[in-house]
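Q: In our numbering, the protein residues as written are 13 to 270. The structure that follows is given in the form of structure tokens.
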Ligand SMILES: Cc1cc2nc3c(=O)[nH]c(=O)nc-3n(C[C@H](O)[C@H](O)[C@H](O)COP(=O)(O)OP(=O)(O)OC[C@H]3O[C@@H](n4cnc5c(N)ncnc54)[C@H](O)[C@@H]3O)c2cc1C
């Protein structure tokens, strides 16, 4: 079975995120990492491959430096990576991103396309629905477990009252939840081997997306204004000069919070 996993490079969780005031976009030039919940999708793909055989192909849209993050998933065990890197893609909103990824996925011709739950920078958790719609494939979202049958895939989706059990014919698209598994750590052998695995960098043109249909030119969303969250008037800042613990205790006792 050929499994494609959509993974995104995001700013590293330890880095303070900044917005570029000129473009009103997230500054993505600093330390970066693979989006944490996408590791669950990679892990699930590897487990399916280990049980049923096949190939795991990573698919990503991002700057050229995203290959560094793709290498982590290759080190976990993915077989190859396809990165759509194109200056014309900068500033892509949901429309452009879904066009580019759907085009790349059409080239890969996977039986199963896996997504993570949401990215730590975009956090819309709707991209997989847009891609499934473009590919005209069924979608199972928030999958907390997956089982591959004969030409079908069945997922359990956690709800307020229990589980929905959803079956779809393959080829299908699945967005996994972060409860589905515990991603493995790459082994030393995996890390060394990742450097020699095939990594293809392609352009928007290669995936059939015209200039103007992605990036800022193709965006139908405009960021009008950005600002810090309103400050809470009742907050108190305590500097730690060695007496912070006592000051915090006094604060909560005064307000009868203890
Ligand atoms: C005006 C505007 C400009 C934007 N400019 C940029 C920009 O320059 N660069 C940028 O990265 N984002 C940009 N974004 C954000 C980007 O459009 C969204 O993150 C993207 O559409 C994903 O949609 P989502 O938030 O629903 O999915 P998310 O919650 O972000 O992701 C869901 C899942 O989809 C997959 N996924 C998400 N993005 C990618 C990707 N790029 N490649 C492979 N898999 C992916 C992952 O599996 C992820 O877990 C912009 C958004 C707006 C509104």
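For each residue, glycine too, the CB sits at the ideal point set by N, CA and C. Keep in mind it's a predicted model, so treat the numbers as computed, not measured.
1. Is the beta carbon of residue 244 less than 7 Å from the beta carbon of residue 88?
2. Identify every run of the beta strand (DSSP E) within the stretch 133-163, keeping only runs that are complete inside it and at least 3 residues long; order them along the chain.
3. In chain order, what residues of the same chain lie with their CB nearer than 6 Å to the CB of residue 143, ignoring the 5 residues before and after it?
4. Work out the CA separation of residue 182 and residue 150 for me, nearest whole Å.
5. Give every residue of the same chain whose Cβ lies closer than 8 Å to the Cβ of residue 85, excluding the five residues on either side of it in the sequence, and list them in chain order.
6. Indicate the three-state DSSP secondary structure (helix, strand or coil) for residue 72 in the structure shown.
7. Could you spell out the range, first to last residue, of the beta strand (DSSP E) harbouring residue 181?
8. What did DSSP end up calling residue 14 once you bin it into helix, strand or coil?
9. Whole beta strand (DSSP E) runs in the stretch 38-102 with 3 or more residues, listed along the chain?
10. Are the CB atoms of residue 178 and residue 167 nearer to each other than 7 Å?
11. For residue 206, report the span of its alpha helix (DSSP H) as first-last.
12. Would you identify the three-state DSSP class for residue 192, choosing helix, strand or coil?
13. Roughly how many whole angstroms lie between the Cα atoms of residue 194 and residue 57?
14. How far does the alpha helix (DSSP H) with residue 212 in it extend, from its first residue to its last?
15. Report the three-state DSSP secondary structure of residue 259 (helix, strand or coil).
16. So if DSSP puts residue 170 in a beta bridge, which residue, or which two residues, is it bridged to?
17. Return the first residue and the last residue of the beta strand (DSSP E) that residue 120 is part of.
18. Looking at the unbroken beta strand (DSSP E) that takes in residue 21, where does it start and where does it end?
19. Alpha carbon to alpha carbon, what distance is there between residue 255 and residue 157?
20. Do you know how far the Cα of residue 165 is from the Cα of residue 102?
21. Per DSSP, which residues does residue 32 bridge with? Please list them.
22. Classify residue 184 as helix, strand or coil using the three-state DSSP reduction.
23. Under 6 Å from any heavy atom of ligand 1, does the C-beta of residue 102 make it?
24. Between which two residues does the alpha helix (DSSP H) containing residue 228 stretch?
25. What separation, rounded to the nearest whole angstrom, lies between the Cα atoms of residue 172 and residue 241?
26. With a Cβ-Cβ cutoff of 7 Å, do residue 232 and residue 107 count as a contact?
27. Using only alpha-carbon positions, find the residue among 83, 28, 176 and 62 that is nearest to residue 210.
A: Reading it off the structure:
1. Going by beta carbons, residue 244 and residue 88 fall outside the 7 Å limit.
2. Qualifying beta strand (DSSP E) stretches, in chain order: 151-160.
3. 110, 113 and 114
4. 8 Å
5. 17, 19, 46, 50, 51, 54, 70 and 93
6. strand
7. Note, residue 181: beta strand (DSSP E), 174-181.
8. strand
9. The qualifying runs are 44-46, 67-73 and 92-96.
10. yes
11. 200-206
12. In the structure shown, residue 192 sits in coil (DSSP, three-state: anything other than H, G, I, E or B).
13. 12 Å
14. Note, residue 212: premise wrong, no alpha helix (DSSP H); beta strand (DSSP E) at 211-214.
15. helix
16. 175
17. Counting along the chain, residue 120 falls outside any beta strand (DSSP E), though it belongs to the alpha helix (DSSP H) covering 106-120.
18. Per DSSP, residue 21 belongs to the beta strand (DSSP E) from 21-23.
19. About 49 Å.
20. 34 Å
21. 37
22. strand
23. yes
24. 227-230
25. The alpha-carbon of residue 172 is positioned some 30 Å away from that of residue 241.
26. yes
27. 83
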